[in-house]
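Just so we're aligned, residue 5 is where the sequence shown starts under our numbering, counting upward by one.
For each residue, glycine too, the CB sits at the ideal point set by N, CA and C.
These numbers come from a predicted model, not from an experiment.
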Amino acid sequence: MIFDDIKNSKLYENPILQKGFDFIQNTDLSALSDGRYEIEKDKIFANVQSLKTKPKEQKKFEAHRKYIDIQYLIKGDECMAFGLLKDFNKTVVEYDEDKDITFLDGGKFNYINLKEGEFVVFYPNDVHAPMLSVDDNTDIKKVIVKILIN
5 MIFDDIKNSK LYENPILQKG FDFIQNTDLS ALSDGRYEIE KDKIFANVQS LKTKPKEQKK
65 FEAHRKYIDI QYLIKGDECM AFGLLKDFNK TVVEYDEDKD ITFLDGGKFN YINLKEGEFV
125 VFYPNDVHAP MLSVDDNTDI KKVIVKILIN
(Lines of atoms letter the chains of each structure in order from A and count residues from 1; the text may use other names and numbers.)
(Lines give C-alpha, C1' and ligand atoms only; values in the text may rest on other atoms or scores of the structure.)
Protein backbone atom coordinates (compact mmCIF):
# COMPACT_ATOMS: atom_id res chain seq x y z
CA MET A 1 0.00 0.00 0.00
CA ILE A 2 1.11 3.53 -0.75
CA PHE A 3 -0.56 6.65 0.72
CA ASP A 4 0.42 10.19 -0.29
CA ASP A 5 -0.61 13.51 -1.82
CA ILE A 6 -0.93 13.43 -5.63
CA LYS A 7 1.76 16.14 -5.81
CA ASN A 8 4.27 13.51 -4.69
CA SER A 9 3.35 10.85 -7.26
CA LYS A 10 6.72 11.33 -9.00
CA LEU A 11 8.33 9.65 -5.97
CA TYR A 12 6.64 6.42 -7.04
CA GLU A 13 7.55 6.58 -10.73
CA ASN A 14 6.96 3.20 -12.15
CA PRO A 15 5.82 2.41 -15.69
CA ILE A 16 2.84 0.43 -14.37
CA LEU A 17 1.53 3.19 -12.06
CA GLN A 18 2.57 6.19 -14.16
CA LYS A 19 -0.27 5.95 -16.69
CA GLY A 20 -2.76 5.98 -13.82
CA PHE A 21 -1.10 8.99 -12.21
CA ASP A 22 -0.98 10.74 -15.61
CA PHE A 23 -4.73 10.25 -16.04
CA ILE A 24 -5.41 11.66 -12.56
CA GLN A 25 -3.13 14.67 -13.00
CA ASN A 26 -4.01 15.54 -16.61
CA THR A 27 -7.80 15.15 -16.47
CA ASP A 28 -10.39 17.56 -15.10
CA LEU A 29 -11.80 14.92 -12.78
CA SER A 30 -14.36 17.23 -11.19
CA ALA A 31 -15.99 17.65 -14.62
CA LEU A 32 -16.29 13.90 -15.28
CA SER A 33 -19.60 12.13 -14.81
CA ASP A 34 -19.70 8.89 -12.86
CA GLY A 35 -18.72 5.91 -14.97
CA ARG A 36 -15.90 3.99 -16.57
CA TYR A 37 -13.18 5.68 -18.63
CA GLU A 38 -10.83 3.62 -20.79
CA ILE A 39 -7.14 4.49 -20.56
CA GLU A 40 -5.72 1.33 -22.17
CA LYS A 41 -8.75 -0.89 -22.81
CA ASP A 42 -9.02 -3.53 -20.07
CA LYS A 43 -5.38 -3.08 -19.02
CA ILE A 44 -5.89 0.34 -17.42
CA PHE A 45 -9.23 2.05 -16.81
CA ALA A 46 -10.76 4.48 -14.36
CA ASN A 47 -14.05 4.35 -12.48
CA VAL A 48 -15.39 7.73 -11.34
CA GLN A 49 -17.83 7.43 -8.44
CA SER A 50 -19.97 9.82 -6.41
CA LEU A 51 -20.87 8.15 -3.13
CA LYS A 52 -21.99 8.72 0.42
CA THR A 53 -19.66 7.50 3.13
CA LYS A 54 -20.98 5.10 5.75
CA PRO A 55 -20.22 4.40 9.42
CA LYS A 56 -17.10 2.36 10.16
CA GLU A 57 -19.28 -0.38 11.64
CA GLN A 58 -20.57 -1.09 8.10
CA LYS A 59 -17.13 -1.70 6.59
CA LYS A 60 -16.73 -4.47 4.03
CA PHE A 61 -13.20 -5.65 3.35
CA GLU A 62 -12.35 -6.42 -0.26
CA ALA A 63 -9.31 -7.68 -2.14
CA HIS A 64 -8.39 -8.07 -5.79
CA ARG A 65 -6.14 -10.52 -7.62
CA LYS A 66 -5.73 -9.10 -11.13
CA TYR A 67 -5.72 -5.32 -10.66
CA ILE A 68 -3.88 -2.71 -8.61
CA ASP A 69 -6.15 0.11 -7.37
CA ILE A 70 -5.09 3.75 -7.31
CA GLN A 71 -7.87 5.37 -5.29
CA TYR A 72 -7.80 9.17 -5.55
CA LEU A 73 -10.15 11.46 -3.64
CA ILE A 74 -11.54 14.26 -5.82
CA LYS A 75 -13.97 15.74 -3.29
CA GLY A 76 -14.68 15.25 0.42
CA ASP A 77 -13.06 13.22 3.19
CA GLU A 78 -12.94 9.44 3.26
CA CYS A 79 -11.75 6.92 5.79
CA MET A 80 -10.50 3.51 4.66
CA ALA A 81 -9.68 0.44 6.67
CA PHE A 82 -6.77 -1.62 5.38
CA GLY A 83 -4.73 -4.67 6.24
CA LEU A 84 -2.66 -7.43 4.72
CA LEU A 85 -4.30 -10.37 2.98
CA LYS A 86 -2.26 -12.85 5.03
CA ASP A 87 -3.90 -11.50 8.21
CA PHE A 88 -7.50 -12.17 7.10
CA ASN A 89 -8.87 -15.63 7.79
CA LYS A 90 -12.55 -15.52 6.82
CA THR A 91 -13.91 -15.36 3.27
CA VAL A 92 -17.35 -13.72 3.31
CA VAL A 93 -17.93 -13.85 -0.47
CA GLU A 94 -15.87 -16.13 -2.71
CA TYR A 95 -13.66 -14.59 -5.39
CA ASP A 96 -15.56 -13.43 -8.50
CA GLU A 97 -13.09 -13.61 -11.39
CA ASP A 98 -15.21 -11.43 -13.71
CA LYS A 99 -15.41 -8.63 -11.14
CA ASP A 100 -11.95 -9.36 -9.68
CA ILE A 101 -13.17 -9.11 -6.10
CA THR A 102 -13.52 -11.15 -2.96
CA PHE A 103 -14.89 -10.02 0.41
CA LEU A 104 -13.12 -10.97 3.63
CA ASP A 105 -13.33 -10.54 7.39
CA GLY A 106 -11.61 -11.66 10.55
CA GLY A 107 -8.37 -9.78 10.12
CA LYS A 108 -6.12 -7.21 11.72
CA PHE A 109 -6.47 -3.76 10.20
CA ASN A 110 -5.81 -0.05 10.58
CA TYR A 111 -7.57 3.11 9.39
CA ILE A 112 -6.37 5.89 7.13
CA ASN A 113 -8.14 9.19 6.38
CA LEU A 114 -7.92 10.68 2.90
CA LYS A 115 -8.50 14.32 2.03
CA GLU A 116 -9.05 15.87 -1.38
CA GLY A 117 -5.94 15.47 -3.51
CA GLU A 118 -4.63 12.39 -1.70
CA PHE A 119 -4.36 8.87 -3.07
CA VAL A 120 -3.76 5.36 -1.91
CA VAL A 121 -2.47 2.42 -3.96
CA PHE A 122 -3.71 -1.05 -3.05
CA TYR A 123 -1.90 -4.11 -4.37
CA PRO A 124 -3.37 -7.63 -4.44
CA ASN A 125 -1.81 -8.42 -1.05
CA ASP A 126 -3.72 -5.45 0.47
CA VAL A 127 -7.23 -5.81 1.87
CA HIS A 128 -9.26 -2.61 2.07
CA ALA A 129 -12.64 -1.29 3.15
CA PRO A 130 -13.34 2.04 1.39
CA MET A 131 -16.13 4.63 1.63
CA LEU A 132 -16.10 5.01 5.42
CA SER A 133 -16.97 8.22 7.25
CA VAL A 134 -14.26 10.30 8.85
CA ASP A 135 -16.77 12.04 11.14
CA ASP A 136 -20.28 12.17 9.67
CA ASN A 137 -21.67 10.46 6.59
CA THR A 138 -20.87 12.81 3.72
CA ASP A 139 -20.82 12.95 -0.06
CA ILE A 140 -17.54 12.16 -1.77
CA LYS A 141 -16.31 11.92 -5.34
CA LYS A 142 -13.40 9.67 -6.19
CA VAL A 143 -11.68 7.94 -9.06
CA ILE A 144 -10.35 4.41 -8.89
CA VAL A 145 -7.77 3.65 -11.56
CA LYS A 146 -7.52 -0.10 -12.13
CA ILE A 147 -4.17 -1.38 -13.47
CA LEU A 148 -3.88 -4.96 -14.71
CA ILE A 149 -0.97 -6.95 -13.28
CA ASN A 150 0.67 -9.29 -15.79
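Taking a C-beta distance under 8 Å as the contact criterion, residue 108 and residue 49 do not qualify as a contact pair. In terms of CA proximity to residue 153, 18 leads the group 18, 95, 84. Contact annotation: residue 84 and residue 33 have beta-carbon atoms that are not nearer than 8 Å. Straight-line measurement puts the Cα of residue 105 at about 8 Å from the Cα of residue 98.
Secondary structure of residue 28 (DSSP, three-state): helix.
Residue nearest to residue 94 within the set 69, 46, 112 is 112 (criterion: CA-CA distance). Spanning the alpha carbons of residue 140 and residue 79 requires a straight line of approximately 15 Å. If you draw a straight line from the Cα of residue 134 to the Cα of residue 57, it is about 9 Å long.
Distances from the CA of residue 75 to each of 117, 101, 44 were compared; the closest alpha carbon is that of 117. Residue 90 sits in a helix when the DSSP states are folded into three classes. If you draw a straight line from the Cα of residue 115 to the Cα of residue 86, it is about 6 Å long. According to the DSSP assignment, residue 79 belongs to the beta strand (DSSP E) that extends over 71-79.
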